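One structure below.
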Amino acid sequence: MARIFTIRFTYEDHPHHAMVFVKETPFFTEYQLNMLEFDLLKLLPSDKIISSTPDHFTFSNSVDFENSDLMKEIIKAISEHIHSVHT
Numbered sequence: 124m125a126r127i128f129t130i131r132f133t134y135e136d137h138p139h140h141a142m143v144f145v146k147e148t149p150f151f152t153e154y155q156l157n158m159l160e161f162d163l164l165k166l167l168p169s170d171k172i173i174s175s176t177p178d179h180f181t182f183s184n185s186v187d188f189e190n191s192d193l194m195k196e197i198i199k200a201i202s203e204h205i206h207s208v209h210t
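Its first residue numbered 124, the sequence shown is counted upward by one per residue in our numbering.
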């Protein structure tokens, strides 16, 4: 069964939000961003974030050390949501 949640984050002093669709596989969890403003989506390497462990999130088509401020804010928002649900 698919899960969906909403995240809120700040980028360049402006509030933003996105819908996140969750897809579980035996090896990782995939979080797909949806309804993110097109201008922000163009700044990302992908609309998908992969998590192989609960504390490790990375954008598809990206390397950890390349994370931009926008990527960090989105990952932080997803991580905070996941941790708030599991505590």
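The beta carbon of each residue, even a glycine, is placed where N, CA and C say it ideally should be.
In this text, all values refer to a predicted model and were calculated from it rather than measured experimentally.
Where residue i and residue j are concerned, what is the direct C-alpha to C-alpha distance, given to the nearest angstrom?
i, j, result
"serine 202", "leucine 156", "14 Å"
"alanine 200", "aspartate 178", "12 Å"
"methionine 158", "phenylalanine 151", "23 Å"
"histidine 209", "phenylalanine 161", "31 Å"
"serine 175", "phenylalanine 182", "12 Å"
Are the beta-carbon atoms belonging to residue i and residue j less than 7 Å from one another?
i, j, result
"histidine 137", "arginine 131", "no"
"glutamate 189", "lysine 171", "no"
"threonine 133", "methionine 142", "no"
Could you please give me the residues that DSSP links to residue i through a beta bridge?
i, result
"histidine 206", "According to DSSP, which records beta bridges pairwise, histidine 206 is partnered with nothing at all."
"isoleucine 173", "Glu153 and Thr181"
"isoleucine 130", "Ala141"
"lysine 195", "Paired residues: none, contrary to the question."
"glutamate 147", "Thr152"
Taking the alpha carbon of residue i as the reference point, which residue from the options has its own alpha carbon closest?
i, options, result
"threonine 148", "Ile173, Lys195 and Ser183", "Ile173"
"isoleucine 205", "Phe180, Asn184, Leu166 and Thr133", "Phe180"
"lysine 165", "Ser207, Met194 and Ile198", "Met194"
"valine 145", "Arg126, Leu163, Glu135 and Thr133", "Arg126"
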